[in-house]
Structures are given as C-alpha cells and as structure tokens.
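Report on one structure; see the data block that follows.
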Amino acid sequence: MSYAPFKQLTDAAVRPELSRLALGLGVVVALTFGLGQAIMAVARLLLGPDRFDALLGAMQRGDTAIGVYALLLGAGAMGLAVLLAARLVHGRAARSLLGPLPLALRQFARVVVALAALQAVIFLAPPWSMAMDMLPAMAPGRWVALLPLTLLALGVQTGSEELLFRGYLQSQLGARIAAPAVWLVVPSGLFALGHWAPGIYGENAVFVVFWAFLFGLAAADLTARSGTLGPALALHLLNNLSAVAIAAPQGPMTGLALYVLPLDVADAGAVRAALPVDLGVLGLSWLAARLALRV
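Going by my numbering, the first residue of the sequence shown is number 32, and it counts up by one from there.
Here it is in structure tokens:
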C-alpha cells in the first residue's frame with residue numbers, strides 16, 4: 032500500500048494545527064446553517080407561503096423531482112461553507128482541496144468509465160432476485176430529459192460532501208498526523224454519523240451508518256492513493272446516481288428514480304438481506320477504481 036501521492040493534498044494543507052481544524056469545522060457548521068437559512072428565507076420570499084410550504088413537503092417526502100432537486104442542491108451550502116472556512120481559517124485556496132486539477136480530472140474520468148462499466152454489468156446481470164421485480168417509476172423520456180440537471184444536482188451534493196470529509200478534513204488531519212489510521216478513520220466516522228437517520232431507516236439506521244463508514248474508508252483510501260479528490264468524487268457520484276436516479280429503494284428519495292426496488296429502507300429483514308450485496312458492490316467499485324488508476 033502506497034499513500035505517497037497523498038502528500039499532494041497534505042502539503043497544501045497550511046496551518047495544520049488541530050485547534051485551527053476544530054475552529055474550521057465550527058465555521059463550516061455555522062456557515063452551513065446560516066447559508067441554509069438564508070436560502071430558505073429567499074425561497075419563501077420568492078415563492079410565497081403556500082408554494083414554499085408545498086416545497087418543504089416535497090423535500091420531506093422526496094417523491095417528486097423538485098423535492099429531490101431541492102434536497103440535493105441545498106447541500107451546496109455545505110460545500111460553499113467548506114471553501115470559505117478553508118480560506119478564512121487556513122488560507123487555503125479552493126483548488127488546494129482537490130489536488131492538481133488536470134490530474135484530478137483525468138482520474139475522475141477514468142474512474143467514472145470503470146464504475147459505469149461495472150454498474151452496467153451489475154444492472155444487466157444482477158446478483159439479487161429483487162431486480163426482477165423492479166417497478167417502473169419515471170417515464171424514460173422524462174428521465175433522459177432531466178438527466179443533465181440530475182447529474183448537476185448529484186454533483187453538487189456529492190461534491191460538497193467530498194470537499195468536507197476528504198478534501199478538507201482528511202488532508203488537514205494528514206498534514207498534522209502521520210498515522211493513516213487517524214486520517215482514514217476519523218473523516219469516515221464523521222461521514223457515517225451524518226447518515227444516522229432512525230426516523231427514516233428505523234432499526235436499520237445502524238446498518239446504514241456501518242455501510243456509510245465503509246464507503247467513507249473506500250473514498251478516503253482512494254484519495255490517499257491518488258493524491259486528488261477525483262476518484263472519490265467519481266465513486267460517490269456513480270454510487271448516488273445508481274441509488275437515487277436509476278434504481279432507488281422504497282422510501283423518501285424516489286422522485287428522480289427510473290425504477291423503484293422492492294426494498295423498503297425501514298424493513299429490517301430486507302435491508303439485512305441486501306447488505307452483503309451492497310457491501311460486495313462497494314468492494315468491487317473500490318477495486319475497479321484502483322485498477323483503473325493502477326494504484
């Protein structure tokens with residue numbers, strides 16, 4: 032295992048004191064909340080009370096395209112907060128969170144191609160029986176027409192999370208602490224805790240957090256091996272594209288899905304049965320990304 036390329040990100044992480052990192056995370060939280068409230072206030076002003084309340088309902092249900100778009104694009108407040116915190120607290124430019132941009136773009140493209148091929152194989156020859164019972168959701172023509180906006184919204188959401196957990200937190204920890212166990216596990220643990228939602232997943236919430244932790248480890252490992260945020264962005268984008276826009280489980284995020292899986296996210300037995308498959312797909316995706324990058 033070689034994490035030498037990670038120096039491209041850690042060398043850019045100036046002012047790496049842990050006290051500054053704690054301050055930076057506090058700034059991220061405060062700015063994310065403030066920007067989110069400002070966006071909501073502007074939306075209410077522009078839409079009026081009735082249409083604004085309807086939008087909030089659509090966001091809570093996630094069963095319409097507009098509701099899911101609002102949720103995904105709203106995550107951009109966190110991404111902007113990360114960029115501002117990195118500049119204000121550490122004096123870091125936005126590009127320093129990505130790594131060398133030409134290399135990041137090339138790595139992103141290579142991993143996207145590899146994972147798209149893998150997901151096509153999985154979709155055409157699925158290893159689980161529920162795939163035969165997928166229910167049509169959005170009309171194919173409308174789905175294709177909305178795909179550019181869907182990719183943009185997913186890019187904003189996944190990009191914001193990757194900027195925070197891998198681009199900012201992991202690189203700042205790596206600049207201060209040499210032990211990979213710290214800068215791999217801590218960001219992944221916080222990323223996983225961000226997926227804790229017992230109100231949605233019920234007793235399955237712990238399994239969702241466990242999966243998210245392993246996903247975070249895979250993304251953190253790819254970031255360290257490649258020295259840029261490109262591979263982690265590709266992994267995250269393709270994962271969410273599959274789970275949100277191609278075949279979504281029954282639950283509060285079906286508004287952009289082409290198909291809906293016969294899997295209720297609150298059904299403990301069904302989720303436990305599907306977890307090994309999900310973990311297997313994650314492992315194959317991580318391996319495919321490594322093979323594409325030759326790292």
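A virtual CB, placed ideally from N, CA and C, is assigned to each residue, including glycine.
Spatial distance of residue i from residue j (CA atoms)
i: residue 43; j: residue 149; result: 33 Å
i: residue 86; j: residue 308; result: 35 Å
i: residue 195; j: residue 164; result: 37 Å
i: residue 76; j: residue 211; result: 47 Å
i: residue 325; j: residue 256; result: 10 Å
i: residue 293; j: residue 167; result: 11 Å
i: residue 106; j: residue 70; result: 11 Å
i: residue 135; j: residue 47; result: 23 Å
i: residue 60; j: residue 288; result: 30 Å
i: residue 311; j: residue 152; result: 14 Å
i: residue 278; j: residue 286; result: 11 Å
i: residue 57; j: residue 227; result: 20 Å
i: residue 237; j: residue 224; result: 10 Å
i: residue 177; j: residue 95; result: 12 Å
i: residue 204; j: residue 322; result: 27 Å
i: residue 52; j: residue 229; result: 29 Å
i: residue 242; j: residue 188; result: 18 Å
Per-residue DSSP class, three states only, for residue i
i: residue 274; result: helix
i: residue 298; result: coil
i: residue 45; result: coil
i: residue 168; result: coil
i: residue 156; result: coil
i: residue 62; result: helix
i: residue 287; result: coil
i: residue 292; result: strand
i: residue 280; result: strand
i: residue 33; result: coil
i: residue 85; result: helix
i: residue 326; result: coil
i: residue 106; result: coil
i: residue 123; result: coil
i: residue 309; result: helix
i: residue 210; result: coil
i: residue 134; result: helix
i: residue 129; result: coil
i: residue 258; result: coil
i: residue 331; result: Residue 331 lies beyond the residue range present for the chain, which begins at 32 and ends at 326; the question has no answer from this structure.
i: residue 67; result: helix
i: residue 79; result: coil
6 Å CB neighbourhood of residue i in its chain, flanking five on each side removed
i: residue 202; result: 40, 41 and 44
i: residue 108; result: 63, 66 and 67
i: residue 169; result: 289
i: residue 280; result: 292, 294 and 296
Contact set for residue i: own chain, Cβ-Cβ below 8 Å, skip 5 residues either direction
i: residue 208; result: 214
i: residue 193; result: 250, 260, 263, 264 and 267
i: residue 125; result: 114, 117 and 118
i: residue 231; result: 282, 283, 296 and 297
i: residue 220; result: 244 and 247
i: residue 197; result: 218, 250, 251, 254, 260 and 263
i: residue 78; result: 86
Outcome for residue i when other beta-carbon atoms lying within 10 angstroms are tallied against a minimum of 16
i: residue 222; result: buried
i: residue 97; result: exposed
i: residue 138; result: buried
i: residue 179; result: exposed
i: residue 50; result: exposed
i: residue 128; result: buried
i: residue 91; result: exposed
i: residue 156; result: exposed
i: residue 73; result: exposed
Same chain, Cβ closer than 7 Å to residue i, five either side skipped, listed in chain order
i: residue 175; result: none
i: residue 186; result: 268
i: residue 234; result: 299
i: residue 111; result: 66
i: residue 34; result: 211, 255 and 256
i: residue 319; result: 145, 146 and 149
Quiz prompt | Runs of alpha helix (DSSP H) wholly within the region 213-255 (minimum 4 residues, chain order) | solution = For the region 213-255, the continuous alpha helix (DSSP H) assignments of 4+ residues that do not extend past its boundaries occur at 229-232, in sequence order.
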